[in-house]
Amino acid sequence: SEIQEMIGQMQSKIHSAVQVMNESQIQSNHCVTLASGADELLVEMSEAVDTIRDMNIQIAAATEEQSATVQETSRMVTHISDSAQQAADGAEQSASSSQDLSKMARDQRELLHHFSV
Numbered sequence: 001s002e003i004q005e006m007i008g009q010m011q012s013k014i015h016s017a018v019q020v021m022n023e024s025q026i027q028s029n030h031c032v033t034l035a036s037g038a039d040e041l042l043v044e045m046s047e048a049v050d051t052i053r054d055m056n057i058q059i060a061a062a063t064e065e066q067s068a069t070v071q072e073t074s075r076m077v078t079h080i081s082d083s084a085q086q087a088a089d090g091a092e093q094s095a096s097s098s099q100d101l102s103k104m105a106r107d108q109r110e111l112l113h114h115f116s117v
């Protein structure tokens, strides 16, 4: 009877150990599934980071092109402004010359008027 009792206790403990091992295996499988999901997420995140990096490179290149275009536009605007100033100076000189010519024409008319009287 004592042996029977010991065998019963041993069987009970073995049964408990088997249950714990089964639960441990289930939890291990669950952990493996979670780890696999985490690995997939890390791969997706890595791909997203690569995509963002590529986009940043494209943005930097576009920004550099825009900067060059803005510099060229600024240079052209400065050139146009300089040309406009030269044209304005030329117009001012033309106006001054026209006034001088007009005065000379008046002076000549007066001289001619003296000779014709």
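Note that full-length UniProt numbering gives residue 100 to position 100 of the sequence shown, counting from 1, and the numbers run on in steps of one. Glycine included, C-beta positions come from ideal geometry on N, C-alpha and C. The structure presented is a predicted model; accordingly, all values stated were derived computationally and were not measured.
Residue i (DSSP reduced to helix, strand or coil)
i, result
"Ser81", "helix"
"Ser1", "coil"
Residues near residue i by beta carbon distance below 6 Å, same chain, minus five either side
i, result
"Ile80", "none"
Residues near residue i by beta carbon distance below 7 Å, same chain, minus five either side
i, result
"Val49", "none"
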